[in-house]
Amino acid sequence: KAGVTQTPRYLIKTRGQQVTLSCSPISGHRSVSWYQQTPGQGLQFLFEYFSETQRNKGNFPGRFSGRQFSNSRSEMNVSTLELGDSALYLCASSLGWTSVQPEQFFGPGTRLTVL
Amino acid sequence: TQLLEQSPQFLSIQEGENLTVYCNSSSVFSSLQWYRQEPGEGPVLLVTVVTGGEVKKLKRLTFQFGDARKDSSLHITAAQPGDTGLYLCAGGGSSNTGKLIFGQGTTLQVKP
Chain A
1 KAGVTQTPRY LIKTRGQQVT LSCSPISGHR SVSWYQQTPG QGLQFLFEYF
51 SETQRNKGNF PGRFSGRQFS NSRSEMNVST LELGDSALYL CASSLGWTSV
101 QPEQFFGPGT RLTVL
Chain B
1 TQLLEQSPQF LSIQEGENLT VYCNSSSVFS SLQWYRQEPG EGPVLLVTVV
51 TGGEVKKLKR LTFQFGDARK DSSLHITAAQ PGDTGLYLCA GGGSSNTGKL
101 IFGQGTTLQV KP
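In order, the protein sequences belong to chains A and B. For the first sequence, my numbering gives the first residue as 1, with consecutive numbering after it. For the second sequence, my numbering gives the first residue as 1, with consecutive numbering after it.
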């Protein structure tokens with residue numbers, strides 16, 4: 001079974017630009033979550049999509065948005081990039097409906113550098 | 001706001017030594033998970049603990065969930081260089097969704 005894939009793996013952008021990151025979950029997984037990982041703040045939850053609907057949202061500004069398609073693939077968009085948005089963006093997928101905390105399967109991440 | 005504090009943040013030990021990593025919170029979690037992350041990769045789940053007082057073993061790794069479900073620990077016996085990596089604890093909320101609260105992580109280096 002193929003794992004979670006994220007594209008692109010690396011991105012360099014300049015302040016003020018916008019960026020779109022893509023995530024393809026494991027086949028059959030309907031939940032996709034996005035996390036931002038930085039040395040200072042660690043892993044922080046951005047949002048979760050389940051069956052094309054945002055189910056949870058973290059404490060990030062509105063410049064961070066996402067969506068999920070009918071095939072469960074997800075994209076996240078960051079507009080008006082700031083230097084502080086430089087981070088590793090991780091996508092995780094799970095079945096989405098379990099009786100206990102589901103196992104999150106993480107992709108390798110997209111390393112975003114904002115200059 | 002739920003927070004998880006991990007300690008220590010960094011640990012450098014010799015092969016064969018034992019170590020314990022702690023994950024503490026003032027909040028109750030419905031479950032706690034431990035992940036391990038290697039450079040250039042995403043975190044990989046090691047274990048999920050759900051019941052207060054629960055102890056789970058995975059080869060040389062022992063995981064414990066506190067009785068009050070506010071803390072957890074990871075103990076590694078006879079550490080090996082292959083155990084090197086970033087260890088993360090993560091708490092689940094009241095609903096079993098993809099939203100996890102992560103600790104800051106413990107970077108473990110095991111020297112041969």
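Note that the Cβ used here is the ideal one computed from N, Cα and C, for glycine as well. As the structure is a computational prediction, the values presented were derived from the model and not from experiment.
Q. Who are the neighbours of GLU41 (chain B) on chain A, taking C-beta pairs under 7 Å?
A. Within the second sequence, residue 41 (chain B) is the residue found at index 41, counting from 1. Within 7 Å Cβ-Cβ: PRO108.
Q.
Please classify LEU112 (chain A) as buried or exposed, where buried requires at least 16 neighbouring CB atoms within 10 angstroms.
A. Along the first sequence, one-based indexing puts residue 112 (chain A) at 112. Counting Cβ neighbours within 10 Å, LEU112 (chain A) comes out buried, since at least 16 surround it.
Q: Flag this pair as touching only if the region 78-92 of chain B and the region 20-38 of chain B have three or more C-beta atom pairs under 8 Å; answer yes or no.
A: With the rule of 3 Cβ pairs closer than 8 Å, the region 78-92 of chain B counts as touching the region 20-38 of chain B.
Q.
Alpha carbons only, please: which of A:THR38, A:VAL100, A:PHE45, A:PHE60 is nearest the one belonging to CYS91 (chain A)?
A. Looking up residue 91 (chain A) in the first sequence gives position 91. For CYS91 (chain A), the nearest C-alpha among the options comes from A:PHE45.
Q. Grouping DSSP H, G and I as helix and E and B as strand, with all else coil, what is ASP71 (chain B)?
A. Here residue 71 (chain B) is taken as the residue at index 71 of the second sequence, counted from 1. ASP71 (chain B): strand per DSSP, three-state reduction.
Q. Between which two residues does the beta strand (DSSP E) containing ILE26 (chain A) stretch?
A. By 1-based counting over the first sequence, the position of residue 26 (chain A) is 26. Segment: none, ILE26 (chain A) is in no beta strand (DSSP E) and carries neither H nor E.
Q.
Taking beta-carbon pairs under 8 Å, can you tell me which members of the region 17-33 of chain A lie near chain B?
A. SER31, VAL32, SER33
Q | Segments assigned beta strand (DSSP E), at least 3 residues, entirely inside the region 41-108 of chain A | A | Within the region 41-108 of chain A, the complete beta strand (DSSP E) segments of 3 residues or longer fall at 42-50, 53-57, 64-68, 74-78, 87-94, listed in chain order.
Q. Looking only at its own chain, which residues have a Cβ that is under 7 Å from the Cβ of GLY53 (chain B), when we skip the five neighbours before and after it?
A. To locate residue 53 (chain B), count along the second sequence from 1; it is residue 53. So the qualifying residues of the chain are PHE65, ASP67.
Q: Answer yes or no: does any C-beta atom of chain B fall closer than 8 Å to that of GLU75 (chain A)?
A: The residue labelled residue 75 (chain A) in the question sits at position 75 within the first sequence. Not an interface residue.
Q. Quick one: Cα of GLY28 (chain A) to Cα of GLN6 (chain B), how far?
A. To locate residue 28 (chain A), count along the first sequence from 1; it is residue 28. To locate residue 6 (chain B), count along the second sequence from 1; it is residue 6. Approximately 33 Å between the Cα atoms of the pair.
Q) Is there a Cβ from chain B that is less than 8 Å from the Cβ of GLN54 (chain A)? A) For the purposes of this step, residue 54 (chain A) is taken as residue 54 along the first sequence, with counting starting at 1. No - not a single Cβ of chain B is within 8 Å of the one on GLN54 (chain A).
Q. What is the residue span of the beta strand (DSSP E) that ASN18 (chain B) lies within?
A. Stepping through the second sequence from its first residue, residue 18 (chain B) is reached at position 18. Note, ASN18 (chain B): premise wrong, no beta strand (DSSP E); not H, not E.
Q | Close-in-space but distant-in-sequence residues of the same chain around GLY40 (chain B) (CB under 8 Å, 5 per side omitted) | A | Position 40 of the second sequence, counted from the first residue, corresponds to residue 40 (chain B). No residues qualify anywhere along the chain.
(Q) Our contact map puts THR80 (chain A) next to GLY16 (chain A) with C-beta atoms below 8 Å; I'd like the distance itself, whole angstroms only. (A) Locating residue 80 (chain A) in the first sequence gives position 80, where the first residue counts as 1. Locating residue 16 (chain A) in the first sequence gives position 16, where the first residue counts as 1. About 6 Å; that satisfies the 8 Å criterion.
(Q) Quick test of your reading: LEU19 (chain B) and ALA79 (chain B), contact by CB under 8 Å. State the CB separation rounded to the nearest angstrom. (A) Here residue 19 (chain B) is taken as the residue at index 19 of the second sequence, counted from 1. Here residue 79 (chain B) is taken as the residue at index 79 of the second sequence, counted from 1. Correct: roughly 6 Å between the Cβ atoms.
Q | Residue from A:VAL19, A:LEU115, A:CYS23, A:GLN18 whose Cα sits closest to the Cα of ASN71 (chain A) | A | Indexing the first sequence from 1 puts residue 71 (chain A) at position 71. The option with the nearest alpha carbon to ASN71 (chain A) is A:CYS23.
Q) What's the gap between the Cα of GLN104 (chain B) and the Cα of LEU43 (chain A)? A) Stepping through the second sequence from its first residue, residue 104 (chain B) is reached at position 104. Stepping through the first sequence from its first residue, residue 43 (chain A) is reached at position 43. So the alpha carbons of these two residues sit roughly 7 Å apart.
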